[in-house]
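Heads up: the structure comes next, in structure tokens.
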Amino acid sequence: MIRGYLKSSYIDYPGNISSVLFYGGCNFRCPFCHNRDIVSRQNCESIKLNEILSDLDKRKDFIDGVVITGGEPCMCQELESHISKIKDMGLRVKLDTNGSKPEVLKIILSKNDLDYIAMDIKGEYLRYNEIVDINIDTELIDNSIDLIKYSGVSHEFRTTIIKEFHNYESLKKICRRLGKGEKLVLQQYQYSDKQIKDIKYDTYSGEELNDFKLKLQDEFGLEIETRYRY
Ligand code: SF4
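Just add 70 to the spot in the sequence shown (first one is 1) and you have this note's numbering.
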């Protein structure tokens, strides 16, 4: 179910002007998540895809693509058909996912409709349950990483960096798992009053993130990008 529609964004799809669809519901409860209402499906109405498609049709010469985000879009039963309807309009599609539904990802990837995938890696596997605040089998995350790595679709992995959950050693584990040549985005955590839990976590400074970036690039041969928003 779509719970939010942003008509134009310059930052959600690298190198593209996009519209953004927010799918309600998520199976994670990351305490630092800024989309509390989307995740809980409260205080936001559902929006019909047909209404969005007709608006996209009017604006398709002014945007390059559509970002499908959430919540966790892979929880939506109609996701596959939504994506193909958007592709039929000649628009690019980027999918954001938390990687917990490899079985859904596999089906969507087999349709060859995606142009870009961004998958969150919340932290080192040993602390995943604590970070996402539910019990998750990290083998699901691991399977999604491989599906995306070998999909042939442009992609990035991203981690929102919080002092309580991440340090250089835990980032090394993520990089080691991803392997040389992969792209990892280190996103600087920022507090929001729309978080799932009202906790102001300590954040790393831009200098500290840049230091991580240089060291990780050097040691693991990944493309590391720092992003100062979340
Ligand atoms: S940050 Fe992403 S995965 Fe975590 S609760 Fe929010 S929408 Fe779900």
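Built from N, CA and C at the ideal position, the CB exists for glycine as well.
The ligand SF4 heavy atom lying under 7 Å from the CB of residue i
i      : result
Cys103 : yes
Phe98  : yes
Glu142 : yes
Asn168 : yes
Asp190 : yes
Ile206 : no
Val109 : yes
Ile211 : no
Ile266 : yes
Val202 : yes
Span separating the alpha-carbon of residue i from that of residue j
i      : j      : result
Asp166 : Gln287 : 24 Å
Phe290 : Pro101 : 30 Å
Asn168 : Ile211 : 8 Å
Asn199 : Leu248 : 20 Å
Ser89  : Ser79  : 6 Å
Phe132 : Asn86  : 10 Å
Met145 : Ser214 : 14 Å
Phe92  : Leu126 : 15 Å
Ser275 : Ile206 : 30 Å
Tyr300 : His104 : The predicted model places Tyr300 with a pLDDT of 46, which falls under 50 and marks its position as unreliable, so this point remains unresolved.
Asn237 : Thr273 : 11 Å
Leu279 : Glu239 : 13 Å
Lys243 : Glu194 : 6 Å
Thr230 : Leu256 : 6 Å
Leu241 : Glu234 : 13 Å
Leu161 : Gly135 : 5 Å
Ser262 : Ile117 : 25 Å
Glu209 : Ile201 : 16 Å
For residue i, the three-state DSSP class (helix, strand or coil)
i      : result
Glu226 : strand
Gly141 : coil
Arg162 : strand
Ile294 : strand
Asp82  : strand
Gln257 : strand
Thr208 : helix
Glu190 : Sequence inspection shows Asp at residue 190; the Glu mentioned does not correspond to that position. Residue state, collapsed to three classes: strand.
Tyr300 : For Tyr300, the predicted structure reports a pLDDT of 46, less than 50, and the residue's modelled location is therefore unreliable. A value from the coordinates is still provided. Three-state DSSP puts Tyr300 in coil, outside helix and strand.
Residue i and residue j closer than 8 Å at C-beta
i      : j      : result
Arg73  : Ile204 : no
Leu217 : Leu179 : yes
Cys114 : Glu142 : no
Arg258 : Arg297 : What sits at residue 258 in the sequence shown is Gln, not Arg. Result yes, Cβ atoms of Gln258 and Arg297 sit closer than 8 Å.
Ile177 : Gly140 : no
Ile269 : Lys283 : no
Arg111 : Lys264 : no
Lys164 : Tyr186 : yes
Tyr75  : Ile138 : no
Ile153 : Leu175 : no
Within-8 Å CB hit, residue i to chain C
i     : result
Phe92 : In summary, chain C is missing from the structure at hand, where a single protein chain is found.
Counted within 10 angstroms of its Cβ, other Cβ atoms place residue i as buried (16 or more) or exposed
i      : result
Arg228 : buried
Gly251 : exposed
Arg129 : exposed
Gly171 : Before going on, a small fix: residue 171 reads as Lys here, not Gly. Under this definition Lys171 is a buried residue.
Lys192 : buried
Ile81  : exposed
Met189 : buried
Tyr220 : exposed
Gly222 : exposed
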